[in-house]
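Chains as they are written, first to last, in the numbering used here: chain A, 8 to 156; chain B, 8 to 156. A virtual CB, placed ideally from N, CA and C, is assigned to each residue, including glycine.
Number of protein chains: 2
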Amino acid sequence: MKLSKKAEYGMRAMVAMGRAAAGTTFSIQDLAANENIPLKFLEQILLVLKNAGLLRSKRGVGGGYQMQRPANDVPLREIVEAIDGPFDPIGCVQGSRPGKSCECGIAGGCGLGRTMSELRDMVQTWLTETTVAHIIAREAPPQMMSFDI
Amino acid sequence: MKLSKKAEYGMRAMVAMGRAAAGTTFSIQDLAANENIPLKFLEQILLVLKNAGLLRSKRGVGGGYQMQRPANDVPLREIVEAIDGPFDPIGCVQGSRPGKSCECGIAGGCGLGRTMSELRDMVQTWLTETTVAHIIAREAPPQMMSFDI
DNA sequence: TTCATTGTTGATTGATTCTATCGGGATTGG
DNA sequence: CCAATCCCGATAGAATCAATCAACAATGAA
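1) What residues from chain A crowd round D7/B, counting only those whose CB sits closer than 9 angstroms?
2) Output needed for V81/B: all residues of its chain with C-beta closer than 6 angstroms, excluding positions within five of it in sequence on either side, in chain order.
3) Can you pull the DSSP bridge partners for G71/A?
4) So if DSSP puts P82/A in a beta bridge, which residue, or which two residues, is it bridged to?
5) Reducing DSSP to helix, strand and coil, say where F48/B ends up.
6) Compare the C-beta of M129/A with all C-beta atoms of chain B and state if any pair is closer than 9 angstroms.
7) Count the other CB atoms within 10 Å of the CB of D95/B; is the residue buried (16 or more) or exposed (fewer)?
8) Who are the near neighbours of T32/A in its chain, counting only those whose CB is closer than 6 angstroms to its CB and skipping five residues on each side?
9) Tell me which residue opens and which closes the alpha helix (DSSP H) that A20/A is part of.
10) If I measure Cβ to Cβ from A59/B and keep anything under 7 angstroms in the same chain, skipping five residues before and after, which residues do I get?
11) Ends of the alpha helix (DSSP H) at D37/B?
12) Answer yes or no: the CB of Y72/B versus the heavy atoms of the ligand FMN, is any distance below 8 angstroms?
13) Excluding five sequence neighbours on each side, which residues of the same chain lie with their C-beta closer than 7 angstroms to the C-beta of L126/B?
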């Protein structure tokens, strides 16, 4: 069970933007080059993130993308869900198909559906609480050469 | 991000077997019919679960599959990993590619990889601690008609 | 105005994976 | 022997994924 490449690229792009000062503008080209993401692929991704309200854009010379919110206010869940849709281990968890019963046909939901909804909730909570800033904070700190022998 | 249908069917089959007394034998046909799983598809799945050490089988008349261990000793992780492989949000988490560095090329791993390995560990822990018996315990209890007006 | 720069959009392709299905083969008990 | 049952490999159709292509629209500078 993996995230799509799109979602990964989307997170990498957001992290790259989140590292810079608020208001910094990035062209798709620069992001693609720096993060090793196929240019035309990244185009689609940033557009989705823009439509999801995570980015704003400006066209023309000197244009590009900016973050709408600071990195510590961008949950990974918003990025991942905008691109890949919600995390949902099986198509049978409670509340995942409004108005429809579990596809197993058991009224009130089956044990598997109930159990998997626990996993879903746990993952979604983590994705909500973990932000772009969290990722940046976990990047390798600059080497402290003086502590090496 | 979803589990495969195979993994879901595998869990449903294991749950069905786990409900019965230890040592009960099930034919593929019965399981397929009761759980609404395509017969030839279930064949493949049960074979994988057998090779993973979760089931034992007996051929010929009166044969079928049995669980190797009681339901409370079968973590969902064993079922899911045998069929779908390990949960791994991106192909860049620490330790997921032995001997290889993160595909992002950053020595020591990138922040995204470190962060996603936290999610991976959380999910794998849950899958390890949650068993087939857990699912069965969450199935709808028999209706208590006497308490309805 | 003109033009290069940059984002926007839809279509398309090629590869891969998913979800099965098919056809037989091997083993066992009666 | 034979019927039931598991075992195994190949195949096929559909869906999804990853990426590319081609053309368009807006912006700001010269």
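So, to answer that:
1) Because residue 7/B is not part of the residues shown, which for chain B are 8 to 156, the question remains open.
2) As a working note, residue 81/B is residue 74 in the second sequence. T138, V139.
3) Within the first sequence, residue 71/A is the residue found at index 64, counting from 1. In the DSSP output, where bridge partners are listed per residue, G71/A has K65/A.
4) For this step, residue 82/A is matched to residue 75 along the first sequence. Answer is T138/A.
5) Mapped onto the second sequence, residue 48/B falls at position 41. It is helical.
6) Taking the first sequence and counting its residues from 1, the one referred to as residue 129/A is at position 122. Chain B contact via Cβ: present.
7) The residue you call residue 95/B lines up with position 88 of the second sequence. Buried, since its Cβ has 16 or more Cβ neighbours within 10 Å.
8) Your numbering for residue 32/A matches position 25 in the first sequence. Result list for T32/A: G71, Q73, in chain order.
9) For the purposes of this step, residue 20/A is taken as the residue at position 13 of the first sequence. That run of the alpha helix (DSSP H) goes 12 to 26.
10) In the second sequence, counting from the first residue as 1, residue 59/B sits at position 52. Counting only Cβ-Cβ distances below 7 angstroms, and skipping sequence neighbours, we find E85, A89.
11) Start at 1 with the first residue of the second sequence, and residue 37/B comes out as number 30. Run containing D37/B: 35 to 42, per the alpha helix (DSSP H) assignment.
12) The ligand FMN is not among the ligands present in this structure, which contains no ligands whatsoever.
13) On the second sequence, position 119 is the one that residue 126/B refers to. Cβ neighbours of L126/B beyond the five flanking positions: P96.
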